[in-house]
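Input: a single structure, listed below in structure tokens.
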Amino acid sequence: MPDKQVIKKNPQEQELGNVTVSKEVVAVIAALETIKIRGVVGITSGYRGKSPNILSRKDLAKGVEVWMKPGEAAITIPIITAYEVGIFKVAEEVQLRVKDAICSMTGLKVLKVDVNVQGIKFKEEKKKIKKETQKETQKETKN
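FYI, in our numbering the residues of the sequence shown are 14 to 156.
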């Protein structure tokens, strides 16, 4: 499948030229929308080991898989959820918001958004991860 997708809306717009969207752009949109959702602790690399690693903010999109064909996309997002929230509810919210964001920002038709819940974190673990992420963000801001 191609790494980039040409989006064409109607004949008048084609006269202006093509709009091309890469898989990486779709992955970034999906990742950023996902981490905004209450109950999502983080995105993983997709590795299904004993304890999947949560990706840092700058690497979030690396865990998101995107398949594209003309005018369409399918996405798989591996996540860690918080114990306190309903897993199904969080996954469904990820599906809806990611689909809406990609459709509105790129014009691509989203065929499906698969969410793989690869783990759950408890409050104590969540606080530790949040502190690490904040430190990481501060380092990135300084650089």
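Ideal placement from N, C-alpha and C gives every residue a C-beta, glycine not left out.
CA-to-CA, the gap between PRO91 and LYS75 works out to about 10 angstroms. VAL111: member of the alpha helix (DSSP H) spanning 100-119, first to last residue. Between GLY52 and ASP72, the alpha-carbon positions lie close to 20 angstroms from each other. Contact between the stretch 94-102 and the stretch 75-86 is absent, with fewer than three C-beta pairs closer than 8 angstroms. Per DSSP, the unbroken alpha helix (DSSP H) holding GLU46 starts and ends at 36-48. With at least 16 other beta carbons inside 10 angstroms of its own, LEU68 counts as buried. Inter-residue distance for VAL128 and GLU37 is about 18 angstroms (C-alpha atoms, whole angstroms).
Annotation for LEU29: no beta strand (DSSP E) segment contains it, and DSSP assigns it neither H nor E.
Note on GLY55: 16 or more other CB atoms within 10 angstroms of its CB, so buried under the neighbour-count rule.
Contact annotation: THR57 and GLN108 have beta-carbon atoms that are not nearer than 8 angstroms.
ALA86 has MET81, VAL123 as its beta-bridge partners, per DSSP. Under DSSP, ALA74 takes part in no beta bridge, so it has no partner. With 16 or more neighbouring CB atoms inside 10 Å of its own CB, GLU106 falls in the buried class. ILE133 and ILE93 do touch by the CB rule: their CB atoms are close to 7 angstroms apart, below 8 angstroms.
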